[in-house]
Every structure is written in C-alpha cells, then in structure tokens.
Amino acid sequence: MNSRQHIFDAIRRAQLTPIDHPSIDYSKWTVEGQSLLMDFQSMVENVGGLYSHLGQISELELLIKTHYPAAVNIISTVSLNNINAIPMDPSTDPHLLADVELIVMEASLGIAENGSVWLQDPLIRVLPFITQHLIVVLQGSRVVANMNDAYSIISTEDFGYGVFVSGPSKTADIEQSLVIGAHGALSTRIVIT
Amino acid sequence: MNHAQTTKAFFKDPQRVGWHDNALWYVRSKRDKAANQVKDWEYLKDAGAAIKQHTLAHLDKYLQNFEDNAQQNGVHVHWATDAQEHNQIVHRILAQKGVTRIVKSKSMLTEECGLNPYLESNGIEVIDTDLGERIVQLAKESPSHIVMPAIHKKKEEIDTLFQEHLHTAPCGGDPLYLTREARKHLREKFLNAEAAITGVNFAIADNGAIVVCTNEGNADMGVQLTDLHIACMGIEKVIPSMEDLGVFIRLLARSATGQPITTYTSHFIRPKPNATMHIVIVDNGRTRQMARSDFKNSLHCIRCGACMNTCPIYRRSGGHSYDATIPGPIGSILSPGIDLKKYSSLPFASTLCGSCTEVCPVRINIHDQLYKWRQIISVDGNFPIGKKVSMKITGYILARPRL
Ligand code: SF4
Chain A
1 MNSRQHIFDA IRRAQLTPID HPSIDYSKWT VEGQSLLMDF QSMVENVGGL YSHLGQISEL
61 ELLIKTHYPA AVNIISTVSL NNINAIPMDP STDPHLLADV ELIVMEASLG IAENGSVWLQ
121 DPLIRVLPFI TQHLIVVLQG SRVVANMNDA YSIISTEDFG YGVFVSGPSK TADIEQSLVI
181 GAHGALSTRI VIT
Chain B
1001 MNHAQTTKAF FKDPQRVGWH DNALWYVRSK RDKAANQVKD WEYLKDAGAA IKQHTLAHLD
1061 KYLQNFEDNA QQNGVHVHWA TDAQEHNQIV HRILAQKGVT RIVKSKSMLT EECGLNPYLE
1121 SNGIEVIDTD LGERIVQLAK ESPSHIVMPA IHKKKEEIDT LFQEHLHTAP CGGDPLYLTR
1181 EARKHLREKF LNAEAAITGV NFAIADNGAI VVCTNEGNAD MGVQLTDLHI ACMGIEKVIP
1241 SMEDLGVFIR LLARSATGQP ITTYTSHFIR PKPNATMHIV IVDNGRTRQM ARSDFKNSLH
1301 CIRCGACMNT CPIYRRSGGH SYDATIPGPI GSILSPGIDL KKYSSLPFAS TLCGSCTEVC
1361 PVRINIHDQL YKWRQIISVD GNFPIGKKVS MKITGYILAR PRL
C-alpha cells in the first residue's frame, strides 16, 4: 500500500465527529470610528518602518535624493525621470541583484492593524528581500483595517506568489535584543500617495 | 529520560535560571500587550479553535483538495508516513538534481525527522539560515525553543562561537555586530545555495498555497535565489481557505513574540519560471495522536510557543530538559504520544496552573491533557515514576494496540 493511501486510511480510521465550519462574524473586529491611515502610520513606525506622505508622486524623486543620497544601484517599478534606475527584466538572474541598494515598488494593499503592505507577484520575487533598502508606494485609499479584510480581497485574485511585508527585516535571536536588518532589507519605507 | 534529572544541568547555575526565566516572561508580557490591542481577541481565539476543530474532523477532504490544487499549480506533492520516508524523499529530490549545498529556513518538522544529519551523512551541506538556528547549529545543539531556538544562549557565548566559526572579532557579545556578521556570512550561503528547504506555517486547501512566516526574510532569500524549493509540512498544517488564514495570521505573531505580524508572510502558490517546487506531507505519528480522543486537539497547535513562554516549569528548566523537538507544555502532550515509556515523566513537569491553556491562541486544553496523561501513566497512583510504572505503561500499550 502506498504511503498516501496509508495516511488517508489512518485519518479515516480515526473517525472524528463531523463538525461544521464556524460561521465567523467578522464585524466583531470592526473598530468604530477608526482612522485607517493614522492607525496604519503608527503601526508602520511601531514595526520599525519609515513613513512618508507625498502630496503627489512626482515628489518621489526628491524623497529618494534626500533620504538615499548615496544609492547608485536603484531599481524602480515606478517610473523615475531624473534618477538613473537599472532597467528591470523579469528574466534577470536574481544573483545579479546582490548589490542593489534601493528598490522602489508598488503595493496594492496596506493593513492598519499591523503596518504591513501586500506585494503581489513582484516582477522578480527576490527584489524586496535582496535589496539593502526598500521603498513601497501605496495609495492611501488602499489601506484596510485588518487581515480578515485583506484576505477577503486577496482571495479573489489569481497570483503565483505574494508577501506581506511589515517593516524592515529583523531578529531578536541574540538575547532578545531587537536588531533591525537580518537577511532582508535593512530599512523599509512606506510612501503614501 | 527523566525530566527531574535532565533539569539538573540547567539548575547548576541559578543565575542563568533567573535570566532565562526573565527573558521568557518578557516575551510573555509582550504577548499580553499585543493581544490586548486587538478588539475581541477572545473571539479571535474562538474562531481559530473552531476552524481547527472543523478542519481536523474533515482532514481527508482538505488534504485531498490541497493536493489537487497544488498539483494544478505545478507543484509536486509527496507523502511520507514517517521521518525516514520524509528524509528519503527529500534526499531523492536533491540527488536527482545533483544538489550538494542547501539552505534551510525554520522547520520544526525537519528537526523532528532528523533531516540535517541524514542529508549530511549523504554528503549534502545543510545551512540553517534563521539566526537562532544557525547559532545552535554551529554550537552542535538543538533548538531549545520552537520560536527562539537560541533563547538559552548568552550573548557572550555567541560571541565566542562566532569568533571560532565565522572569525569575527571579540565584541563583548554586541548583538548588532554579531547579527551583521551573520548577515554577511549567510548572504554568501544564500548566493551559493542550489536548493532551499522551508517549513510551512499554513497550507491552504482552497488554492494549494503554502504560507511561511519569518522575521528575518531567510525563507525567501533561500527560495528566491534557487531553482528548487522543497517545503516540508505535517498533515495538520492544512486549513480550508484564505479567509481562515486571516484568523491565524492575526493570532500567530501576537501570541509568539507580541508582534502584530511577522515581518514577512510569504504565500507560495506557483513556482517561479524555470523553477521546481515540491511539498512533502508527513504523518510521523500524527494520525495516531488523532485517534486518541483525549489528545487529538493537540494537533490544533500553530507552534506559536506562547505556552512555553508562560510556563513556570519551562522558564526555569530550559527547553533542552524536555529532550524532544517540541519542548514545554505542548511538547509534554505530544512527546508521550510518540514514546510513552521514554517521556512518561513529562506530563509531571507541570504545576497544572493552566497558564498554558489560558494563552493558547487555538484553545488547546493543555493542562487538562497533561493531567490525562498522568492518569494513564500512573494508572493506580504509582508515584514517583519508577520501574513499576514503566511496567504498567507497557501493559497499557499492549492492552491498547491502537494507541
Ligand atoms: S499549544 Fe497553543 S500556545 Fe502552545 S505552541 Fe501550540 S498554539 Fe502555541
């Protein structure tokens, strides 16, 4: 008998009493009068992220020049006019991205309860991880309250890979001391437009 | 093993016991703060528990759906009844591609199966990439905690360890310096790896996704830089849908470390172009635990570690004293299910204060189950555990072949 069958037989032999999926009242977690954007900002900062609010997207270049003056190897999915970004080709060998200093990419959702942003099918999946610094551009109207709200949107979409990113990579594996910058980005900035 | 004996080494240094106790209590308090910030946290726990109960009762259906959907996504699905078969499957996949260097992110299952020594004995270099796991790997130890593998280690010890293995400068245990050095060391490993192995926090029946949560970004650094991803999971990791996932993601990090979410929550559905993805689904005693009505809901566990952080015994005895992959209160329910004779002292390593049950995000009645194991072990009140009891245990097992 093959292992798969063996496991299924053992599960069926256990004969657990059938029980319905709970009907969950998602409205229980709704916070009345919540300012999504304000809560989102305070959570982004809480998880060690940086936060900027731009009047218009054209101010992005100034922001990059101001906050990342030394960055040379830049990749951006948002078009930049006066900054020399490396053109991105999905077939690029990801190993060649090891020296990328700054990546600018767009998120389709932000989550107020945890300051995370949803990156769906990045052109090259390693981008938000391998870069030294990450900028994520998000429309302020795309912030939802919590993960339940986020998944009710995401579950209707078709994608191969997606990741919630909340702040910069971090670890507390040495005596519980929080160190920002483990294997992924050393800093993560959310730019709201 | 006998827990009263295995704690002795840890007890030799009372200062270390106090330090360990405080470190874990600090994590427990962060958990409380995070839980209090969520409106209707208790209802969130109810939802998590009810989804798990439903899923386990229909596990065959959900595993079948998961497999169908994963295969449609172009993912290879394998089944292993035990640790040995799991290790053989993983090795076969690697050997077919001639892989000799792999990076691994946190997976308690592969720890349970002894995958690292198995692969190493077959000439494959295995690098654990979670910082805590890399520390214990270099120290030739096992993780003492499921979320914070090196929680038992002092920073000065890590300093010495890194000097020896990574040739770092002495730094008095500076966490920032040591973490940066580890980042450099592991970057090189990521860039040179030929395959990545990850664990699985949740598997989604509805769309065949596997979800992996990390703070360091090590799972993705491994997977996205190699063409071969092997994900290893126990049969109990499957949940019905993405909507259900929302409930568990909200519970997991808050219960584990007091964070509102881990830095990265990655959803792997289809392999990237020109890459291959495999999922190995493992039983290794889980269906046996499922058949024990008093203990079946220990399979609801989402491995947050909250029951360890709060346990007055775990905090003062350290994870290694449990001599098992999963230590602490939940481990003391799971381990006797694997080897009752060996682990008969673990259900007694508890004050039955119920703090574990209180914090558990999926409402496992941990302390009740510890008490139930005690009743089985000490059938008619033979304390302390001695020869007579182990005879009785053997008798119990023989009388109940399904156990
Ligand atoms: S038993 Fe509950 S508290 Fe303990 S690790 Fe599992 S889910 Fe967390």
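Protein chains in written order, with the working numbering: chain A, 1 to 193; chain B, 1001 to 1403. We put the CB at the ideal spot given by N, CA and C, even for glycine.
Item, Value
"Minimum Cβ-Cβ distance from A:Ser35 to chain B less than 8 Å", "no"
"8 Å Cβ cutoff met for B:Arg1270 and B:Asn1073", "yes"
"Boundaries of the beta strand (DSSP E) in which B:Leu1186 is found, first to last residue", "From DSSP, B:Leu1186 is part of no beta strand (DSSP E) but of the alpha helix (DSSP H) over Pro1175 to Asn1192."
"Pair within 8 Å by beta-carbon distance, B:His1145 and B:Met1290", "no"
"Reference A:His67; option with closest CA among A:Met38, A:Leu102 and A:Pro94", "A:Leu102"
"Local conformation of B:Thr1265 per DSSP, three classes", "strand"
"Three-state secondary structure (DSSP) of A:Ile7", "helix"
"Bridge partners - B:Arg954, DSSP secondary structure assignment", "Because chain B in this structure spans residues 1001 to 1403, residue 954 of chain B falls outside the shown range and cannot be described."
"Residue-chain proximity (A:Gly110, chain B), Cβ-Cβ < 8 Å", "no"
"Complete runs of the alpha helix (DSSP H) confined to the stretch 105-188 of chain A [at least 4 residues]", "127-130 and 147-154"
"Closest residue to B:Ala1095 among B:Lys1106, B:Gly1246, B:Ser1121 and B:Arg1250 (Cα-Cα distance)", "B:Ser1121"
"Beta-carbon gap between B:Ala1057 and A:Ile19 smaller than 8 Å", "yes"
"Among B:Thr1129, B:Glu1141, B:Gly1318 and B:Ser1344, nearest to B:Trp1373 - alpha-carbon criterion", "B:Ser1344"
"Span of the beta strand (DSSP E), counted from its first residue to its last, around B:Phe1202", "Phe1202 to Ile1204"
"Residue-level contact to chain B via CB, A:Arg4, 8 Å cutoff", "yes"
"Coarse secondary structure for B:Glu1085, derived from DSSP in three states", "helix"
"Spatially closest choice to A:Gly160 from B:Ser1350, B:Ala1275 and B:Asn1284, by CA coordinates", "B:Ala1275"
"Beta-bridge partners of A:His53, as assigned by DSSP", "A:Ile192"
"C-alpha gap between A:Ala70 and A:Ser155, whole angstroms", "40 Å"
"Check: B:Gly1354 C-beta below 7 Å from any heavy atom of the ligand SF4", "no"
"Start and end residues, alpha helix (DSSP H) containing B:Ile1158", "Lys1155 to Leu1166"
"Chain C contact residues for A:Phe159, given Cβ-Cβ distances below 9 Å", "No chain C appears in this structure, whose protein chains are A and B."
"A:Leu119 versus A:Ala172, A:Gly55 and A:Val137, residue with shortest Cα-Cα distance", "A:Val137"
"Chain B contact for A:Ile154 (CB, 8 Å cutoff)", "yes"
"Check whether B:Val1359 and B:Arg1016 have beta carbons under 8 Å apart", "no"
"For B:His1076, three-class secondary structure by DSSP", "strand"
"Distance between B:Asp1283 and A:Leu63 (C-alpha atoms, nearest Å)", "52 Å"
"Nearest-angstrom beta carbon gap, A:Ala172 and B:Leu1465 [assumed within contact, 8 Å]", "Because chain B spans 1001 through 1403 in this model, residue 1465 of chain B falls outside it and cannot be assessed."
"B:Ala1306 beta carbon near the ligand SF4 (any heavy atom closer than 7 Å)", "yes"
"Backbone secondary structure at B:Arg1270 - three-state DSSP", "coil"
"Test item: CB-CB of B:Ser1266 and A:Val126 under 8 Å", "no"
"Candidates B:Thr1262, B:Pro1312 and B:Gln1084, of which the one nearest B:Ile1249 by Cα", "B:Thr1262"
"Alpha helix (DSSP H) segments (min. 4 residues) lying fully within the stretch 1221-1290 of chain B", "1242-1257 and 1286-1290"
"Classification of A:Val17 by the beta-carbon crowding that lies within 10 angstroms, buried from 16 upward", "Going by the sequence as given, residue 17 of chain A is Thr instead of Val. So A:Thr17 counts as exposed."
"Rounded separation between B:Ala1205 and B:Asn1065 - CA only", "5 Å"
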